[in-house]
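Have a look at the structure below, then the notes.
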Amino acid sequence: MPSLPDEDVREVSGNVPSHKDHPILASLNPQQRAAVVHDDRPLLIVAGAGTGKTKALAHRVAWHIAEGIDPARILLLTFTRRAAAEMLRRAEALVRSLPGTKIASGSSGSLRIWGGTFHAIATRLLRRYGQAIGLPADFTIHDQTDSQDLMHAVRTALGLAKTEKRFPQKATCLAIYSRCINARETLDDVLADRFPWCRPWRLELARLFDAYVERKEKSGVLDYDDLLTHWLALLEDPTAGPHIRGLFDRILVDEYQDTNRLQAEILYALSPEGKGLTVVGDDAQAIYSFRGATVENILEFPHHYPNASVIALEQNYRSTQPILRAANAIMADARRAYPKKLWSGRTSGQKPVLVTCEDEDTQAAHVARQVLEHREAGIALRQQAVLFRASHHSILLEAELQRRDIPFHKYGGLKFIEMAHVKDLLAFLRLAENPRDMVAGLRVLGLLPGIGPARANRLMQALEDQGDFSAWTAIKVPQATAELWPALVALLQHLRGTSEPVATQLDRARAFYQPLLEIAYDNPVPRARDLEQIVQVGMQYADRRTLLAELALDPPSSTQDLASPPRRDDDYLVLSTIHSAKGLEWDVVYVIHAADGDIPSDMATGSAEEIEEERRLFYVALTRAKRWLYVCYPLRYQAGHRSTLAKPSRFLSPTAVACFEHLSAACEWPGAAPNAAEESQARRSIREQTRRYWQ
DNA sequence: ACTAATGTCCTTTTT
DNA sequence: GGACATTAGT
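Residue numbering for the first sequence is 4 to 698, as defined by the working numbering.
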């Protein structure tokens with residue numbers, strides 16, 4: 004008797020009665036349907052780019068609820084909060100559309116699903132159950148910059164800052180530390196594989212990390228890595244562990260290819276048998292190994308859970324076939340663990356265009372012009388996106404867009420929240436929230452004239468010994484500090500005890516900080532405006548603790564999200580790093596700076612693995628496009644008064660290039676655009692005339 | 001002890 | 001070209 008593929012058997016004879024006509028399943032293809040109705044055994048969905056992965060996941064959530072699972076017992080782990088919100092929105096719409104379904108909903112009307120990033124969920128759980136493993140209730144969270152600052156403080160305290168040969172920088176130290184934690188690798192392995200130049204410092208680094216961990220504990224702070232390790236510790240705790248495991252009937256994980264070892268261990272601990280566990284991912288889109296992520300998690304899933312099923316989604320609903328062909332050509336040389344043959348039903352469509360630009364200015368001008376052309380043709384700005392490898396790649400384009408009055412939002416790169424003056428303001432609140440938070444304290448104290456690192460450290464020690472800000476009322480401070488000192492102590496004492504709205508608290512801190520800002524920076528006006536924005540942002544949060552945690556875990560990703568009032572109907576062009584474009588799609592996509600050295604980045608060509616990740620990054624960029632795709636690179640780069648020649652990305656192999664139409668963009672010229680032949684003729688005649696002088 | 005100034009390294013992606 | 005570390009000066 005011929006055997007049928009597992010999925011088919013299960014669909015017919017599974018524990019769910021015939022549901023071909025079920026409204027949740029109506030719009031799904033057979034593979035998606037199999038994934039949605041799969042029972043509570045572990046499931047891996049291998050979903051290629053644009054194959055309706057979000058749709059499948061949202062439908063599966065809705066399906067669970069229709070099955071009678073309590074939404075509050077569903078855990079949905081995503082890569083960004085934005086992704087979680089989108090997924091929940093879709094699931095909720097589906098559930099509401101079901102006749103006779105009433106949703107157990109909170110006052111906000113939304114499903115009470117546990118949705119968010121690993122880090123956000125960890126925070127929620129640790130706030131609620133952290134005391135089981137001895138975590139203080141008022142812990143504060145360090146973002147990457149804070150963690151680096153603390154690493155720096157500890158490094159200085161240990162005397163490692165002034166060694167004969169130069170000790171690794173704070174950022175490097177943190178990167179090594181974080182790699183050990185997230186990838187679960189020993190210091191020796193990490194040093195050997197990724198930081199060979201730091202190997203002579205192995206012993207000092209070990210000492211530094213010990214002190215760093217101890218300092219974090221004393222300060223009552225958690226860094227990003229701690230959120231994960233403490234979640235895992237909670238699960239391994241004999242009393243808390245079973246309780247946490249008992250909270251969830253279904254666990255769904257998006258973007259599984261970009262999770263790291265530590266996150267996989269959390270899942271193992273959360274669901275040892277894989278009961279109710281669904282993970283979705285695409286090994287061809289793994290682009291976060293620099294953060295410790297590994298595709299091994301996907302590859303090992305079926306081995307770790309022997310009764311796991313694997314379902315592949317291969318029909319692409321996003322892109323036209325010509326775009327898909329180009330993207331597939333880029334990936335043709337890559338090793339693929341789960342071979343997928345993506346195909347599209349949309350066979351017609353314009354060939355993607357490879358645009359060779361004279362220089363960077365030409366590239367910016369060309370993209371701006373093309374964007375307007377598409378808008379004229381009826382494609383809104385919001386349906387168009389410009390993607391690039393590094394944040395600074397868009398600077399020239401931003402200027403050009405500003406000049407032409409084209410509105411845009413930029414995602415990725417330096418965040419609003421990372422700017423020095425914003426961090427300053429928030430440090431006041433964080434210190435009030437947790438007086439032991441040394442990084443926040445040193446930051447606040449350092450703002451005052453007359454206080455440098457040495458005195459700030461002593462003041463923090465005094466504060467730690469006494470436990471509250473009254474430790475600072477009697478202390479003697481330098482002449483230069485004396486004037487402001489009482490006001491600072493009063494401010495902190497007030498903030499510490501108050502329960503007034505967090506926006507009011509921010510405003511008090513701002514009032515104190517304003518004069519200091521004017522002294523410290525030569526452009527205080529725009530910075531002061533930023534601070535007012537932060538006060539506005541504060542209105543959206545229930546309390547100080549929530550504000551601080553949310554801003555540390557999921558800061559507003561677009562500067563413009565904050566800078567302009569939320570007018571939903573605004574039309575704007577999207578500018579984004581490729582990393583931040585993950586999971587999104589647009590009608591028109593422009594990939595700029597597709598020159599070798601930018602894609603792949605020169606910073607990431609050290610090993611074959613790194614280069615492969617850059618290839619996948621390029622693939623992710625191309626597969627964001629639905630209907631039009633432009634890949635641009637400048638021929639000349641201006642470096643000082645010298646210009647260097649660039650080559651197109653090495654990923655644009657002859658086979659790949661054949662999938663593109665070709666276009667040369669020259670300097671923009673009023674009137675007729677000069678074509679290549681005309682121009683070379685003009686230059687030939689100049690050359691001939693010049694030569695007469697010496698012939 | 002703190003601030004200002006000069007010299008040297010690194011230059012990416014993000015929870 | 002900007003961050004960072006060390007050095008000299010107040």
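Even for Gly, the Cβ is constructed at its ideal location relative to N, Cα and C.
Under 8 Å between C-beta atoms of residue i and residue j
i, j, result
"E617", "I602", "yes"
"Q260", "G284", "yes"
"I144", "L556", "yes"
"H582", "I290", "yes"
"F663", "P275", "no"
"L520", "R433", "no"
"L114", "L97", "no"
"V313", "V64", "no"
"L3", "A435", "This structure gives no information on residue 3, because the portion of the chain shown stretches from 4 to 698."
"L638", "T281", "no"
"S222", "D440", "yes"
"L31", "H67", "no"
"D152", "V442", "yes"
"A388", "V538", "no"
Close Cβ partners of residue i (< 6 Å) along its chain, the five nearest in sequence each way excluded
i, result
"A584", "L390, R627"
"V594", "L390, A624, V634"
"R690", "none"
"P651", "Y636"
"F293", "none"
"I398", "none"
"H155", "K173"
Nearest-angstrom Cβ-Cβ length linking residue i and residue j, presumed shorter than 8 Å
i, j, result
"L384", "P410", "7 Å"
"R321", "E89", "Not a contact, Cβ separation roughly 15 Å."
"H424", "R530", "5 Å"
"Y622", "A236", "With 8 Å as the limit, Y622 and A236 do not qualify as a contact, their Cβ atoms being about 37 Å apart."
"Q134", "A140", "7 Å"
"K343", "G51", "5 Å"
"L211", "C201", "In fact, because the Cβ distance is near 11 Å, the residues do not count as touching under 8 Å."
Residue i: first and last residue of the uninterrupted alpha helix (DSSP H) it sits in
i, result
"L587", "Careful: L587 lies outside any alpha helix (DSSP H) and carries neither H nor E."
"V75", "Reading off the sequence shown, one finds Ala at residue 75, where the question assumed Val. Note, A75: premise wrong, no alpha helix (DSSP H); not H, not E."
"I522", "505-523"
"R548", "547-556"
"G244", "243-248"
"G541", "527-541"
"S667", "Taken as a continuous stretch (DSSP letters only), S667 belongs to no alpha helix (DSSP H), being part of the beta strand (DSSP E) at 664-668."
"N263", "Premise fails: N263 is in no alpha helix (DSSP H) and is neither H nor E."
Residue interval of the beta strand (DSSP E) (run including residue i)
i, result
"K413", "411-414"
"S150", "Run containing S150: none in the beta strand (DSSP E); it sits in the alpha helix (DSSP H), 147-160."
"I314", "312-316"
"Q387", "387-391"
"S699", "Residue 699 lies beyond the stretch modelled for the chain, which goes from 4 to 698, so this question has no answer here."
"V49", "46-50"
"T359", "356-362"
"I254", "253-256"
"T323", "Counting along the chain, T323 falls outside any beta strand (DSSP E), and DSSP gives it neither H nor E."
"W117", "117-119"
"V283", "280-284"
Same chain, Cβ closer than 7 Å to residue i, five either side skipped, listed in chain order
i, result
"A86", "D257, G586"
"G55", "Q35, L316, Y320"
"L487", "L451"
"P677", "Only weak support exists for where P677 lies, its pLDDT of 49 falling under 50; the coordinates are left without a value."
"G708", "An answer regarding residue 708 cannot be provided, because it is not within the stretch 4 to 698 covered by the chain."
Close-in-space but distant-in-sequence residues of the same chain around residue i (CB under 8 Å, 5 per side omitted)
i, result
"G279", "D43, F251, D252, R253, I254"
"L238", "G244, I247, R248, I269, A272, L273"
"T148", "E421, K426"
"A311", "R44, P45, L46, L47, G277, F304, P305"
"P568", "Low local confidence applies: a pLDDT of 46 at P568 is under 50, so the model's placement there is unreliable, with the coordinate-based value given in what follows. Once the five neighbours on either side are set aside, P568 has no close Cβ partner at all."
"P527", "L520, E521"
Heavy atom of the ligand ATP within 7 Å of residue i beta-carbon
i, result
"L190", "The ligand ATP is not among the ligands present in this structure, which contains no ligands whatsoever."
Do the region 249-260 and the region 62-81 meet, that is, are 3 or more Cβ pairs less than 8 Å apart? Touching, per the Cβ criterion.
Note to self: Can you confirm whether the region 198-216 touches the region 171-185 when touching is taken to mean that 3 or more C-beta pairs between the two stretches lie within less than 8 Å?
What the structure shows: Contact check between the region 171-185 and the region 198-216: three or more CB pairs, one atom from each, fall below 8 Å, which counts as touching.
ask   = Below 8 Å, can you find three or more Cβ-Cβ pairs linking the region 264-277 to the region 181-195?
value = Touching, per the Cβ criterion.
Inter-stretch contact at 8 Å, needing at least 3 Cβ pairs: the region 505-514 / the region 537-547 = Yes: at least three Cβ pairs fall under 8 Å.
Three Cβ pairs or more, each shorter than 8 Å: is that satisfied between the region 31-39 and the region 286-306?
Verdict: no, contact absent.
Taking three-plus beta-carbon pairs below 8 Å as touching, is the region 351-366 in contact with the region 323-333? The region 351-366 vs the region 323-333: in contact.
For the region 328-341 against the region 362-369, do three or more pairs of beta-carbon atoms, one drawn from each stretch, fall closer than 8 Å, so that the two count as touching? No: fewer than three Cβ pairs fall under 8 Å.
For this session: Indicate whether the contact test is met: 3 or more Cβ pairs, each with one atom in the region 189-207 and one in the region 465-478, closer than 8 Å.
Result: Short answer: they don't touch.
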